[in-house]
Every structure is written in C-alpha cells, then in structure tokens.
C-alpha cells in the first residue's frame, strides 16, 4: 500500500470513528466513483487505478468491520471484475453486483440485500449518477452523489447523512411505538350520553 493510501486510510478511520452510528454495509458504484473511467472503454490488458482516496477508504471500512459491496451497471462485467482482481481488492467485497440493467440499480440492491441480509436503512451508497441516487434513495438507502470519485469529503458527507437518517428513523420509530402503546387516559372520563333525571 502506498503512502497516500495509508494516509487516506488513517484519515478515513478518524472520520468513521467520529460517528456513533455507522452503516452495516457501504455500497460503491465503480465507473467514476471508485475509478476515473468507464471500464467498457478499456481493455482487460490495461492496468487500472483508483481515485486517490478510494483505496484508503476501502481499507478503513474493512479495518472498522464495515462490509463493502459493489453495485455497477457496467455492460462489461468481465473487464470490471478483471480490474478489481488486478487491484487486489476482490476479497474486500461481500457482494459484487456488476451487470447492465435498466432499473437504475434497484435489482442490484435487491440482490445485495438478499445476499447479505442487511436492511436498506443500514446501507450507505456512493454513485456518480443522480438517477441512481434518486432511485436507490427511494428504497431507504442513504445515497450520496459524487462528482470526482469517492474521497474523504464524500465519506464524511455520507456518514453525516446516514447518521441523520438513522436518528430520524429511530425518533419516528419511538414516536410510533409511543403512540401505539399509549394507554387511554381514564382519569377524566367523558360524560355519559344519558340525560340525568
């Protein structure tokens, strides 16, 4: 691991440790999220590279025991998988859903959920396409749009949003439970409808 990856890992670990609540699973797109290219425009013979902070972030998540998965709509899954292997990160991922799809990744996330058992509300997703972010967000996944690949700022933003969403869902759950199990107030009974004589 290079010096920049080690530094990014150290910073990413600090960011993760600054949050009380973290996702059980972080899902990444590949093209223009983990690496700066479309793999369908490349050859398997090429040597791929990740965005500068990407390796450090992956290592930090792994170090902190947070599962990692891939959701990619690449039409060239063979090239994507070859690049993942060349980068030495194949074993990092608990699920790799890499295939062309018209569903904006809903199928990918259904399969990731089935494979891992992790609820959508316990997932964090990074992607470079707004349509994927919008669709996956509707499934209950905290989703973050990245402009120039995943970096430490995006990680912090994602964990902040995940924490907010988690806290909101817990408050809503508590309110629902409180309302559901609220006992009727019997200290001041309503007057009866019968007229007094």
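Numbering (the working numbering), first residue to last: 1 to 197. No residue lacks a Cβ here, since even glycine has one placed at the ideal position from N, Cα and C.
- Apart from sequence neighbours up to five positions away, the residues of its chain that approach residue 111 with a beta-carbon distance below 8 angstroms are 95 and 97, ordered along the chain.
- Cβ contact annotation for residue 59 (same chain, cutoff 6 angstroms, sequence separation greater than five): 9, in chain order.
- For residue 116, no beta strand (DSSP E) run applies; the uninterrupted alpha helix (DSSP H) run containing it begins and ends at 106 to 116, by DSSP.
- Residue 49 and residue 164 have their C-alpha atoms roughly 33 angstroms apart.
- The segment 76 to 94 makes no contact with the segment 136 to 152: fewer than 3 CB pairs, one atom from each, lie closer than 8 angstroms.
- Between residue 153 and residue 126, the C-beta gap is not smaller than 8 angstroms, which leaves the two residues out of contact.
- Taking C-beta separations shorter than 7 angstroms and ignoring five residues to either side along the sequence, the partners of residue 135 in its chain run 104, 105 and 106, following chain order.
- Within the same chain, and ignoring the five residues on either side of residue 99 in sequence, the residues whose Cβ sits closer than 6 angstroms to its Cβ are 77.
- The Cβ atoms of residue 34 and residue 118 do not sit closer than 8 angstroms to each other.
- A straight-line Cα-Cα distance of about 8 angstroms links residue 57 and residue 13.
- The residues 55, 56 and 59, in chain order, have a CB closer than 8 angstroms to that of residue 5 in the same chain once the five nearest residues on each side in sequence are set aside.
- The residue from 168, 167, 123 and 108 with its alpha-carbon nearest to that of residue 23 is 123.
- If you draw a 10 Å sphere on the C-beta of residue 142, you find 16 or more other C-beta atoms in it, and that means buried.
- Contact between residue 120 and residue 139 holds: CB atoms are separated by about 5 angstroms, below the 8 angstroms threshold.
- Sequence-distant Cβ neighbours of residue 11 in its own chain, meaning closer than 6 angstroms and more than five residues away, are 152.
- Out of 53, 27, 21 and 16, the CA that lies nearest to the CA of residue 137 is found in 27.
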